[in-house]
Amino acid sequence: MNITKNNIDALNAIVTVEISKSDYKAKVEKKLADYKKNATIPGFRKGAVPMSLINKQYGKAILLDEVNKLLQDNLNKYLAQEKLDILGNPLPRVTEDFNWDLEDYKFEFELGLAPEFNIDLSAKNDLVLYKIVANDKMLNDQVARIQKQYGKLIAKDTVEEGNDVSGIFANEEKAINNRTTLSLDVFADKKTAKEFIGKKIGDVVTLKTKGLFDDDHKLMDFLAVGHDDVHGLDIEVTFTIDEVTTHEPAVLDQELFDKLFGPKAVTSVDELKAKIKEDAEKQFEQQADQKFLNDVTEFLIANTKFGLPSEFLKKWIQTTGENPLTAEQAEEEYNKSEKGLRYQLIEGKIIAENNLQITFEDLKTFTSDVIKKQMAQFGQMNPTDDDVQGIVARVMSNQDEVKRLSEQVMSQKMLNLYKEKVKVKTKEVSYDDFIKAMYGEI
């Protein structure tokens, strides 16, 4: 057997596999002999069927099977030995005049080769790592929400200042039909709030969406519309009132503090605000980190230049699925997946060059932390190590969960690497300004 490679260019190659009779003869003869022992053909005793008849009936199928096994086994070994970094799988070249009646065969396979490229994590960029700060307004608003949440709820028939109203926003043309609860101070214009004063359950208030709130993004929550639809949305909506409530605010005392955070964990309003600030900024950090990770990813895709064996990949996409695609369908699929493929190659190179490996201890520690956070959300603030590790063992026995958690661990390792090596500006912002930055509005 002889295997050779001919490089068409830096991204494409042809591998030729030549198989001679001596490579497959013994295997074919052994398989025919096995068939002869067990063959049952009318007119012949079992095991006494002439070899010529066995060969005539089964020879071609056995030949094809054994040659194909030889071909696949040796091609895979060759690719591994030569350490060829290929994309997709080898594609056999169709030969119209291929003749199985010959004794020696030649097969050709197209290869798509992974490109060579360099990644410069320290390259000049305009990336920003946001630090989201919980400002005084946010803290005061959160304290007010806590007092409202834990206060006494009183139902009313008529809307007065300071009340909350629940009801349904509707607009038939835009298919808006969303039940929500809002306080009257949420509107950008005080005149809008006054339209609710004196209204009763069942009354309908008609509002214009343009300028309804101080931030158009609030339309996403109150009207349940998408981000792309809220900017400049200028329609009339109706709000049908179905509930009116007022709250008697909870007293900011030790009983409330203990209910929120456990005995004596917080003992004053100042400590309450400090705790709210700490918890909020931890959550904000996760959001800021995710944006930073996404921004670095986009930057690397846009600025790491390399070619791809696009025609090979389109052909591979066309032929490897359960149902063959047309050339047009394969082109469309390739265009959809090209960006993801580019990042897979970039990410793989970053992981290899920086030796980012996931150990069992990494995965176990990460899983333990996730479980502790989840348990804390349900009030289990100090679970025993045995309880946590028992859950960890059950989680890690599920291969799908292990895969998902491994992706999260690697994502965290990539984030830490980017923070270390990518030269970015750090910017402190309020949460509102961060949301605007998320959508490219500042």
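Converting from the sequence shown to our numbering requires adding 545 to each position, the first position being numbered 1.
All C-beta atoms, glycine included, are put in the ideal place defined by N, C-alpha and C.
- Secondary structure of ILE564 (DSSP, three-state): strand.
- Around the Cβ of ALA875, a 10 Å sphere holds 16 or more other Cβ atoms; the residue is buried.
- Boundaries of the alpha helix (DSSP H) around GLY935: 930-941.
- Counting along the chain, no alpha helix (DSSP H) covers ILE786; the unbroken beta strand (DSSP E) around it starts and ends at 781-793.
- The three-state reading of DSSP puts LYS614 in helix, counting H, G and I together.
- When Cβ pairs closer than 8 Å are counted between the two stretches, the region 876-892 is seen to touch the region 845-863, the count reaching three or more.
- Taking the Cα of PHE654 as reference, the smallest distance to any Cα among ALA847, LYS550, GLY604, LYS744 is reached at LYS550.
- Excluding sequence positions up to five before and after ASN722, its CB lies within less than 7 Å of the CB of ILE713, ALA715, all in the same chain and listed in chain order.
- In this structure, the alpha-carbon of LYS719 lies about 12 Å from that of VAL775.
- Rounded to whole angstroms, the gap between the alpha carbons of ALA847 and ASP840 is 11 Å.
- When only Cα atoms are considered, SER728 and VAL954 end up about 41 Å apart.
- Taking the Cα of VAL750 as reference, the smallest distance to any Cα among LYS804, PHE741, PHE758 is reached at PHE741.
- For TYR650, the enclosing beta strand (DSSP E) begins and ends at 650-658.
- In terms of Cβ geometry, VAL782 and THR737 do not form a close pair [threshold 8 Å].
- LEU672 sits away from VAL940, with the two beta carbons spaced by 8 Å or more.
- Ranking PHE652, MET683, ASP618 by CA distance to the CA of GLU641 puts PHE652 first.
- Under the three-state reduction of DSSP, SER711 is assigned to strand.
- Here VAL811 is buried. Its C-beta has 16 or more other C-beta atoms within 10 Å.
- The alpha-carbon separation between THR864 and PHE857 amounts to approximately 11 Å.
- Per DSSP, reduced to three states, the secondary structure at SER975 is strand.
- The residue from GLU793, ASN583, ALA825, ILE896 with its alpha-carbon nearest to that of GLY696 is GLU793.
- Between ASP773 and ALA733, the C-beta gap is not smaller than 8 Å, which leaves the two residues out of contact.
- Put simply, of ALA578, TYR623, ASP579, TYR569 the residue whose alpha carbon is nearest the alpha carbon of ASP610 is TYR569.
- ALA810 carries a coil assignment under DSSP once its states are collapsed to helix, strand and coil.
- According to the DSSP assignment, VAL750 belongs to no alpha helix (DSSP H) but to the beta strand (DSSP E) extending over 749-753.
- Annotated as proximal: ASN899 and LEU962, with beta-carbon spacing under 8 Å.
- Burial check for ILE699: the Cβ neighbour count within 10 Å stays below 16, so the residue is exposed.
- DSSP places SER728 in the uninterrupted beta strand (DSSP E) bounded by 721-728.
- ASN927 has its alpha-carbon roughly 21 Å from the corresponding atom of GLN799.
- In the DSSP assignment, ASN547 forms a beta bridge with GLU563.
- Excluding five sequence positions before and after LEU908, the CB atoms of its chain that fall closer than 8 Å to its own CB belong to MET941, VAL947, LEU950, SER951, VAL954, given in chain order.
- Straight across, the Cα-Cα distance linking ALA819 with GLY771 is about 34 Å.
- The straight-line gap separating the alpha-carbon atoms of VAL639 and LEU890 is approximately 29 Å.
- Within the region 657-712, the complete alpha helix (DSSP H) segments of 4 residues or longer fall at 681-694, listed in chain order.
- Listed in chain order, the non-local C-beta contacts of LEU666 below 6 Å within the same chain comprise LYS966, VAL967, local neighbours out to five positions each way being set aside.
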